[in-house]
Structures are given as C-alpha cells and as structure tokens.
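Chemist:
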Amino acid sequence: MKLTVPRASHLFHLMPGLVLLLSLNASAQNIDFGKSYVNVTKGLNGGTVETGDTLEIRASIVVRSGTYDSCRYQDAVPAGTVYIPGTVRVLTNEGKIYKQFTDAAGDDPGRITGANITINLGYNPAAAPATALRRGRIANTHKPSFFGSTCIMIASFRIRVTAALGTNISTGGGNMTYKSGILAVQTFTFPANTVRVYTNYGICANTVGVNSIGTESNGTFGFGKPRNRGNSVNVPPGYTYSPFTTNMPNDYYYGIANNTSTQTNYTTLNTWPKPDNSTPTHRVFSVWDIIGDHTGAASPTLGNPAADTVANNFGGYMLIINAAYRIDSAFQQTISGLCPNTYYEISCWMRNICSKCGCDSNGVGASNSGYIPTGAGDSSGVAPNLTFDIDGVDYYTTGKLLYNGRWVKKGFTYLTGPSQSSFTMKFFNNAPGGGGNDWALDDISVSTCSPNMKYSPSLNPIVCDSNSITIYDTVRSFFNNYTYYKWQRSTDGGGTWTDITAPSGPATPVWNGSAWEYVVSYTVTSGFHIYCRRE
Numbered sequence: 122m123k124l125t126v127p128r129a130s131h132l133f134h135l136m137p138g139l140v141l142l143l144s145l146n147a148s149a150q151n152i153d154f155g156k157s158y159v160n161v162t163k164g165l166n167g168g169t170v171e172t173g174d175t176l177e178i179r180a181s182i183v184v185r186s187g188t189y190d191s192c193r194y195q196d197a198v199p200a201g202t203v204y205i206p207g208t209v210r211v212l213t214n215e216g217k218i219y220k221q222f223t224d225a226a227g228d229d230p231g232r233i234t235g236a237n238i239t240i241n242l243g244y245n246p247a248a249a250p251a252t253a254l255r256r257g258r259i260a261n262t263h264k265p266s267f268f269g270s271t272c273i274m275i276a277s278f279r280i281r282v283t284a285a286l287g288t289n290i291s292t293g294g295g296n297m298t299y300k301s302g303i304l305a306v307q308t309f310t311f312p313a314n315t316v317r318v319y320t321n322y323g324i325c326a327n328t329v330g331v332n333s334i335g336t337e338s339n340g341t342f343g344f345g346k347p348r349n350r351g352n353s354v355n356v357p358p359g360y361t362y363s364p365f366t367t368n369m370p371n372d373y374y375y376g377i378a379n380n381t382s383t384q385t386n387y388t389t390l391n392t393w394p395k396p397d398n399s400t401p402t403h404r405v406f407s408v409w410d411i412i413g414d415h416t417g418a419a420s421p422t423l424g425n426p427a428a429d430t431v432a433n434n435f436g437g438y439m440l441i442i443n444a445a446y447r448i449d450s451a452f453q454q455t456i457s458g459l460c461p462n463t464y465y466e467i468s469c470w471m472r473n474i475c476s477k478c479g480c481d482s483n484g485v486g487a488s489n490s491g492y493i494p495t496g497a498g499d500s501s502g503v504a505p506n507l508t509f510d511i512d513g514v515d516y517y518t519t520g521k522l523l524y525n526g527r528w529v530k531k532g533f534t535y536l537t538g539p540s541q542s543s544f545t546m547k548f549f550n551n552a553p554g555g556g557g558n559d560w561a562l563d564d565i566s567v568s569t570c571s572p573n574m575k576y577s578p579s580l581n582p583i584v585c586d587s588n589s590i591t592i593y594d595t596v597r598s599f600f601n602n603y604t605y606y607k608w609q610r611s612t613d614g615g616g617t618w619t620d621i622t623a624p625s626g627p628a629t630p631v632w633n634g635s636a637w638e639y640v641v642s643y644t645v646t647s648g649f650h651i652y653c654r655r656e
C-alpha cells in the first residue's frame, strides 16, 4: 500500500515479507521410445497432481522405418497409487483407444498380475501378431499409422493417486522389448521419473517484482527485423533449429520467428485457405497458422499479427516447436537469485498453431476424404500437453491445449524451500508428435506472488491539522507465509523509500474462509493532512 501526505510530501507503504522425456534412438533413428502421463482428473485445464487424481500412464513405441519383432511393454503400478480396473489398453498418439484388453491373463495380449502390467504389442494379422502368449511384430507401415510411413503406438493403463500431499510418486521405470532382424532381443528400460503430489494453487491472483527467468530476453525471446531469429541454447539437443520454409520446422525441429509464414511465399495474412494450395504455399505444411508473437499484444489471447519485417524494422519473436514422436524436454533453464520460502508463479503463454494437422489411425490426414476426426469438429490431431519440471521433479501439467486460434496462459504456483535460492526448470513435451502437437511458446515468467492489501480508515482520510491518525492495512493472501512487514516513507512521490520502522513480525494470519489475513497499523504523527491512494 502507499499513502500520500501532501503537506510534508511524505509517502508511506507496507512491505510484507517479500524481501520481499525420455527417449532412445536406435538403429539409425528408426525406433523411438518415450514415457509420460496424463492427469485425467485435471482435464483440459491442467494442474498439479493431488491425492485422488486419476493418471493415465503412457509408454510410446514409434517405428519410423523397417520392422521390429518381439515387441512388449511391461510395467508396475507405482507405489502410492492403485490400479483402476479395465484400463489396460493400446492408444493412438491422439489418445484414442485402439485396443482394449481385459485385466485377466491368457485371453488377449494385455493383462495385470498383482501389480505388474504386461502388453504384448503388434497387431497386424499378416505379420506375426501379438497373442496372450507371444510378443508381436511392428513395422513402420502398421497401424496406428502416421501417413502410412510411421507406426506410433501407446501402451497405457490408469491409476488413482493415494499418496498424501507433499510426497512423491514414481511414473518412470518399466520397459519395452524389441528385436531387429537376427539380432538378439533388446530391452529399453525407461528412466526414473518423479512426480510431486502437490496442492493445486493455480496461477497467482497478482504478481510483483522482476521476472526472474533472465534468459531469452526475460522469457520473451526478444525482437528483431529478420523473420527467423536463430537458435536457442535453452532448447535441448533433441530438437534441431530450422528457419520457416514450406515444410519446416518438421517433427523434431523448432524455430524462433516473428512471422510463421513460409520463406518461399512471405505474407502477414492469416486468411489464406487451409490447406493453402498456392504455389508455393503461404502456410507451413499448407495448414499452419500465420501469426506473430504474444509479447505486448493489445489482446493477450489474440496475440500480435504476423510481423511485417519488410516494411517495419522489427517484430517480437516466439519459440515454435514441432513436437518429436518421442517425449522429451523442449525448453530448460536454471534460475537463480530467488528468495527462500517464497511463492513464485511459473507460467508461460502457449498457442496451438494447427487446426488441420490430424492424422487418424488409418494414416489419413485431416485434409483428405475419409479422415476420422480427433473429436467432434476437431481435426487438429495430437493436442500439445506440457509438463513443468523443477529440479528433476514434475509439478504441473498443462492439460490438452485444444485448437481455438488463441493464446492461453498456463502455469502453477511453486513454494521455494527454506534455504532455496535457485532451481532448474524444464518444460517437457508430454504427448507424442505426428499429426498435430505443433505449438508456440512465449512470455515465460517466474515471478513472486504478492498479497492483496486493503487500507483504512479510507483511501482518502481527512484529518484536522495538528492531529495524529492511525492507519491500518489488512493483508490478505491465499498463502500464509507473508508474515513479516515494515513501513517505509517517501518524500519524493515514491521515487525513493526509507524505513520508518524496523522489520516486524511474524504476524499470525487467520483464515477468513477464502484467504489468510492479518491487520497491521501505524500512527502518523500530528501536523499532517493525509489521504491514501493505490499505485
């Protein structure tokens, strides 16, 4: 809060304790594996994992070329969870059920025995298919198909979280077996992955202070005249940088641009047809949106139009990811200079940039006849879904980012430890690419969450000359750790501040039904007329 005292040009305010994933590339990139999970309970909105939430464990096998035999997935129900009966399945990369199995052993290729899950994979009847007793064969031409050239198959089961808040569960481990030609059967074991069971505070009602991310022009990716900015050291080696051309960035590639049209037919318009059959096309793959970045947009949801870098000197940049078939990290950064025991909002703005990128399990694309939509009226294909990882532990997933032609803010609130002043943040692509999962990222932020304050006796109290007045501030916050405060004074309209009290506290916040609150006061000495105002 800030108080202006016009007769003596004094200004007071309260400062409450703010000192306020995994993949293998084998046989010359012909087969990939990945493992992730989807928080079914949190749905499209996303959130943290809490006690009682339903998670769908997903393990992908992607055959890009050739044929692999002896394909099988094995896993165990994680400690701190219970298996949900009837959920042993094989999915398409869009998350649709491709094969449903019973829990029993001996009647189909999938089963659960005790806490152990087994799914024999490969279902082409003409190519040694899986049975209850035999592992199957998968070729790149098998279904579920990506345009007839790649098979993307997801083995899955569902669990319900029983672990308490503040504890961890493991969604890693498990393995895939496969065999190439006359070589021996090989086993790929998925790395460990830890998920924190954590209160879903959501995004802060208000943030304060400087964005702490530091890198990439403080999360905005900067600005400039060239349409394609250049690569980023924050994007891990699993992705390769590419400028925007007719069919790039392709799967496993990323770009940083201020205009997502093609290089061969530059435009600032997003009104071309989808598909755009111009020669050459204006749209990447003839269907991607043509947009600009998010930073400073008049409408946060609409974002900026594609930059005109021919007529203007610069435009803001954004990161655009064409997600890999495997599941892996797409952005990472170590952030330092943080305050211990402080709540931070970790957030970003995202946009699904393709409404017609779907490819059904038969290999038919969204622009072709016979295509089976992802959902009613939805031809966007695989929906982007990100996991936010802090120091190697998963805290938050964004949920499915369906296509709506808008930017959306995604994030959560994280509490630093008693002595923690830094952490490493990673954003993981949590859904296999191929037929969608094309997204833009901008305005990444790590900012402190501040409490709300209510001043009294009023915003403009009138006091007779030579009288004193006691002023109050009611401090309210969703969190109960803002318990230290001090009063300061400014004599230059808020340009500089000096302490007029020593730090005080800890106060004792009381839950009022919707927030933690406490009241503090300060007596302004006689001789000043004062009034209160917010700044």
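Start counting the sequence shown at 122; every next residue gets the next number (this note's numbering).
For glycine and all other residues, C-beta sits at the position ideal for the given N, C-alpha and C.
Quick check on the burial criterion: 16 or more other C-beta atoms within 10 angstroms. Buried or exposed for residue 305?
Modeler: Position 184 of the sequence shown, counted from the start, is the residue given in the question as residue 305. When all chains shown are included, residue 305 counts as exposed.
Chemist: Straight-line CA distance for residue 348 to residue 392?
Modeler: The residue you call residue 348 lines up with position 227 of the sequence shown. The residue you call residue 392 lines up with position 271 of the sequence shown. Approximately 19 Å between the Cα atoms of the pair.
Chemist: Can you give me the C-alpha to C-alpha distance between residue 147 and residue 257, rounded to a whole angstrom?
Modeler: Numbered from its first residue, the sequence shown carries residue 147 at position 26. Numbered from its first residue, the sequence shown carries residue 257 at position 136. Note that residue 147 scores 38 on pLDDT, short of 50, meaning its location in the model is unreliable; the coordinates nonetheless yield the value given after this. Their Cα atoms are separated by approximately 19 Å.
Chemist: With H, G and I counted as helix, E and B as strand and the rest as coil, what does DSSP make of residue 314?
Modeler: The sequence position of residue 314 within the sequence shown is 193, counting from 1. Residue 314 falls in the coil class under three-state DSSP.
Chemist: Do the segment 562-573 and the segment 464-472 make contact, defined as three or more Cβ pairs closer than 8 Å?
Modeler: The segment 562-573 vs the segment 464-472: in contact.
Chemist: Which residues does DSSP list as the beta-bridge partners of residue 195?
Modeler: As a working mapping, residue 195 is identified with position 74 in the sequence shown. 239 and 296, per the DSSP bridge assignment.
Chemist: How far does the beta strand (DSSP E) with residue 257 in it reach, from first residue to last?
Modeler: Here the question's residue 257 lines up with position 136 in the sequence shown. Residue 257 -> beta strand (DSSP E) spans 257-260.
Chemist: Counting Cβ pairs, one atom from each stretch, are 3 or more of them under 8 Å apart for the segment 490-501 and the segment 373-380?
Modeler: With a cut-off of 8 Å, the segment 373-380 and the segment 490-501 do not count as touching, because too few Cβ pairs lie within range.
Chemist: Please name the residue in 331, 359, 217 and 326 whose C-alpha comes closest to that of residue 503.
Modeler: Within the sequence shown, residue 503 is the residue found at index 382, counting from 1. Among 331, 359, 217 and 326, the Cα nearest to that of residue 503 belongs to 217.
Chemist: Go through its chain and collect everything with a Cβ distance to residue 402's Cβ below 7 Å, but skip five positions before and after it.
Modeler: For the purposes of this step, residue 402 is taken as the residue at position 281 of the sequence shown. Counting only Cβ-Cβ distances below 7 Å, and skipping sequence neighbours, we find 367, 383 and 386.
Chemist: Anyone know if the C-beta pair for residue 572 and residue 603 falls short of 8 Å?
Modeler: Residue numbering aside, residue 572 sits at position 451 when the sequence shown is read from its first letter. Residue numbering aside, residue 603 sits at position 482 when the sequence shown is read from its first letter. Against a cut-off of 8 Å, the Cβ pair of residue 603 and residue 572 comes out as a contact.
Chemist: In the DSSP assignment, find the unbroken beta strand (DSSP E) run with residue 289 in it and report its ends.
Modeler: Residue mapping note: residue 289 aligns to position 168 of the sequence shown, counting from 1. Note, residue 289: beta strand (DSSP E), 289-291.
Chemist: Quick one: give me the first and last residue of the alpha helix (DSSP H) that residue 336 is part of.
Modeler: Here residue 336 corresponds to residue number 215 of the sequence shown, with the count starting at 1. Taken as a continuous stretch (DSSP letters only), the alpha helix (DSSP H) holding residue 336 covers 336-340.
Chemist: Kindly list the residues whose CB is nearer than 6 Å to the CB of residue 567, restricted to its own chain and excluding five residues on each side of it in sequence; keep chain order.
Modeler: Working through the sequence shown from its first residue, we reach residue 567 at position 446. Here the set comprises 333, 334, 456, 465 and 467.
Chemist: DSSP three-state call for residue 542: helix, strand or coil?
Modeler: Position 421 of the sequence shown holds residue 542. Note: residue 542 maps to coil in three-state DSSP.
Chemist: Where does the unbroken beta strand (DSSP E) through residue 435 begin, and where does it stop?
Modeler: Here the question's residue 435 lines up with position 314 in the sequence shown. Segment: none, residue 435 is in no beta strand (DSSP E) and carries neither H nor E.
Chemist: State the Cα-Cα distance for the pair residue 421 and residue 271, rounded to the nearest angstrom.
Modeler: In the sequence shown, residue 421 corresponds to position 300, counting from 1. In the sequence shown, residue 271 corresponds to position 150, counting from 1. Residue 421 and residue 271: Cα-Cα distance of roughly 37 Å.
Chemist: Nearest CA to the CA of residue 273: which residue from 287, 243, 435 and 253?
Modeler: Residue 273 sits at position 152 when you count from the first residue of the sequence shown. The shortest Cα separation from residue 273 among 287, 243, 435 and 253 belongs to 243.
Chemist: Could you work out which residue in 538, 487 and 474 is closest to residue 522 when comparing CA atoms only?
Modeler: Against the sequence shown, residue 522 aligns to sequence position 401. Answer by Cα proximity: 474.
Chemist: Is it right to say residue 621 is buried, meaning 16 or more other beta carbons lie within 10 angstroms of its own, or is it exposed?
Modeler: Counting from 1 along the sequence shown, the entry for residue 621 is found at position 500. Exposed, by the Cβ-count rule.
Chemist: Are the segment 190-197 and the segment 232-247 in contact at 8 Å, needing three or more beta carbon pairs?
Modeler: Yes: at least three Cβ pairs fall under 8 Å.
Chemist: If you measure between the beta carbons of residue 645 and residue 606, is that distance less than 8 Å?
Modeler: The sequence position of residue 645 within the sequence shown is 524, counting from 1. The sequence position of residue 606 within the sequence shown is 485, counting from 1. Not in contact: residue 645 and residue 606 (Cβ atoms no closer than 8 Å).
Chemist: If you measure between the beta carbons of residue 197 and residue 293, is that distance less than 8 Å?
Modeler: The residue labelled residue 197 in the question sits at position 76 within the sequence shown. The residue labelled residue 293 in the question sits at position 172 within the sequence shown. No, Cβ-Cβ distance for residue 197 and residue 293 is not below 8 Å.
Chemist: When the Cα atoms are used, what is the spatial distance from residue 173 to residue 234?
Modeler: Your numbering for residue 173 matches position 52 in the sequence shown. Your numbering for residue 234 matches position 113 in the sequence shown. Spanning the two alpha carbons is a distance of roughly 23 Å.
Chemist: Throw me the rounded Cβ distance for the residue 209 and residue 311 pair, which I believe falls under 8 Å.
Modeler: By one-based count along the sequence shown, residue 209 stands at place 88. By one-based count along the sequence shown, residue 311 stands at place 190. Wrong, their Cβ atoms sit about 17 Å apart, outside the cutoff.
Chemist: How is residue 485 classed by DSSP in three states: helix, strand or coil?
Modeler: Taking the sequence shown and counting its residues from 1, one reaches residue 485 at position 364. It is coil, neither helix nor strand.
Chemist: Check whether the segment 318-327 touches the segment 409-426, taking contact to mean three or more Cβ pairs, one atom from each stretch, closer than 8 Å.
Modeler: Cβ pair count under 8 Å is below three, so no.
Chemist: What residues in its chain sit with their C-beta under 6 Å from that of residue 396, if we drop five residues either side in the sequence?
Modeler: Residue numbering aside, residue 396 sits at position 275 when the sequence shown is read from its first letter. These residues qualify, in order along the chain: 407, 408 and 488.
Chemist: Can you tell me the Cα-Cα spacing of residue 158 and residue 165, whole angstroms?
Modeler: Position 37 of the sequence shown holds residue 158. Position 44 of the sequence shown holds residue 165. Those two C-alpha atoms are separated by around 14 Å.
Chemist: Thinking C-alpha only, which one of 170, 167, 639 and 156 is nearest residue 179?
Modeler: Taking the sequence shown and counting its residues from 1, the one referred to as residue 179 is at position 58. Looking at the Cα atoms, 156 is the closest of the given residues.
Chemist: Measuring only the C-alpha atoms, how far is residue 303 from residue 152?
Modeler: Within the sequence shown, the letter at position 182 stands for residue 303. Within the sequence shown, the letter at position 31 stands for residue 152. Whole-angstrom Cα-Cα distance: 16 Å.
Chemist: Quick check: the Cα distance between residue 142 and residue 515, rounded to an integer number of angstroms?
Modeler: Within the sequence shown, the letter at position 21 stands for residue 142. Within the sequence shown, the letter at position 394 stands for residue 515. Note that residue 142 has pLDDT 33, beneath the 50 cutoff, so the model's placement of it is unreliable and the number below is only indicative. Each residue's alpha carbon lies about 11 Å from the other.
Chemist: Check each candidate in 203, 315 and 224 and name the one with the smallest Cα separation from residue 511.
Modeler: On the sequence shown, residue 511 is found 390 positions in, with the first residue counted as 1. Comparing Cα-Cα distances from residue 511 to each of 203, 315 and 224, the minimum goes to 315.
Chemist: Reducing DSSP to helix, strand and coil, say where residue 406 ends up.
Modeler: Translated into the one-based positions of the sequence shown, residue 406 becomes position 285. Residue state, collapsed to three classes: helix.
Chemist: Go ahead and pull the three-state DSSP assignment for residue 185.
Modeler: Within the sequence shown, the letter at position 64 stands for residue 185. Residue 185: coil per DSSP, three-state reduction.
Chemist: Determine, using beta carbons only, whether residue 549 and residue 508 come nearer to each other than 8 Å.
Modeler: Taking the first residue of the sequence shown as 1, we reach residue 549 at position 428. Taking the first residue of the sequence shown as 1, we reach residue 508 at position 387. Yes.
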